[in-house]
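Novice: To start, I am sharing the structure in question, which I have written as structure tokens.
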Amino acid sequence: METADQKVVDILQELTQFINDGHKGYEHAAKETTNPQLRQLYQTLAGQRAEFAQELNEIIKNHGGTAETSTTTKGKIFRQWIDAKAALTNRDDNSILDSNLFGEEWAQKAYNNALQQTNLPQPIHQMVERQKKALEQTYQTLQKLRDAD
Numbered sequence: 001m002e003t004a005d006q007k008v009v010d011i012l013q014e015l016t017q018f019i020n021d022g023h024k025g026y027e028h029a030a031k032e033t034t035n036p037q038l039r040q041l042y043q044t045l046a047g048q049r050a051e052f053a054q055e056l057n058e059i060i061k062n063h064g065g066t067a068e069t070s071t072t073t074k075g076k077i078f079r080q081w082i083d084a085k086a087a088l089t090n091r092d093d094n095s096i097l098d099s100n101l102f103g104e105e106w107a108q109k110a111y112n113n114a115l116q117q118t119n120l121p122q123p124i125h126q127m128v129e130r131q132k133k134a135l136e137q138t139y140q141t142l143q144k145l146r147d148a149d
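This is how it looks when you write it as structure tokens:
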């Protein structure tokens with residue numbers, strides 16, 4: 001039977017995989033874009049995702065789990081698809097923005113699922129909620145940038 005601590009670890013490890021996907025995705029986007037403002041934004045978002053992963057991993061370790069450093073299988077496939085798409089679109093910034101928006105949607109779904117779990121202790125629930133709000137803000141920012149062109 002799974003303990004309460006193990007359930008928390010499982011939920012947070014899954015979130016961390018999505019956050020690690022975002023970190024890698026934004027690092028990749030920063031390298032792909034030719035727009036200096038977008039490069040700076042992507043670097044900032046990659047840093048934010050690294051901080052989120054560190055925060056999640058700290059709680060995972062405090063609950064007896066192992067820090068999560070991997071990404072999701074979906075994320076790995078998605079990054080390969082982004083590379084192929086970027087080659088076909090000459091690394092068009094709107095294509096990169098669209099890809100990042102898609103990744104943010106995946107992450108938001110994972111966070112929504114985690115928040116629906118009733119077994120998250122209140123302080124962890126609040127931290128997950130805070131990170132989710134940051135993801136929503138990122139999504140809105142990326143959407144505005146894409147729609148501006």
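Position 98 of the sequence shown, counted from 1, bears residue number 98 in the UniProt record's numbering, the numbering being contiguous throughout.
Virtual Cβ for every residue (Gly too), placed ideally from N, Cα, C.
#1: Relative to the C-alpha of residue 121, which residue among 24, 137, 63, 40 is closest?
#2: Buried or exposed: where does residue 68 fall if 16 or more other Cβ atoms within 10 Å of its Cβ makes it buried?
#3: What residues in its chain sit with their C-beta under 8 Å from that of residue 141, if we drop five residues either side in the sequence?
#4: Please specify which runs of the alpha helix (DSSP H), each continuous and at least 4 residues long, are wholly inside the stretch 27 to 65, giving them in chain order.
#5: Among 114, 103, 38, 66, whose alpha-carbon lies nearest the alpha-carbon of residue 21?
#6: Roughly how far, in whole angstroms, is the beta-carbon of residue 23 from the beta-carbon of residue 49, given that I think they are within contact range, below 8 Å?
#7: In terms of alpha-carbon separation, which member of 147, 129, 61 lies closest to residue 112?
#8: If I measure Cβ to Cβ from residue 117 and keep anything under 8 Å in the same chain, skipping five residues before and after, which residues do I get?
#9: Could you pull the start and end residues of the alpha helix (DSSP H) that residue 138 belongs to?
#10: Whole angstroms are fine: how far does the CA of residue 19 sit from the CA of residue 109?
#11: Buried or exposed for residue 131, please, with buried defined as at least 16 other CB atoms from any protein chain shown within 10 angstroms of its CB.
Specialist: Quick look at the numbers:
#1: 63
#2: buried
#3: 41
#4: 36 to 62
#5: Among 114, 103, 38, 66, the Cα nearest to that of residue 21 belongs to 103.
#6: 4 Å
#7: 129
#8: 7, 11
#9: DSSP places residue 138 in the uninterrupted alpha helix (DSSP H) bounded by 122 to 148.
#10: Rounded to the nearest angstrom, the two C-alpha atoms are 12 Å apart.
#11: So residue 131 ends up on the buried side.
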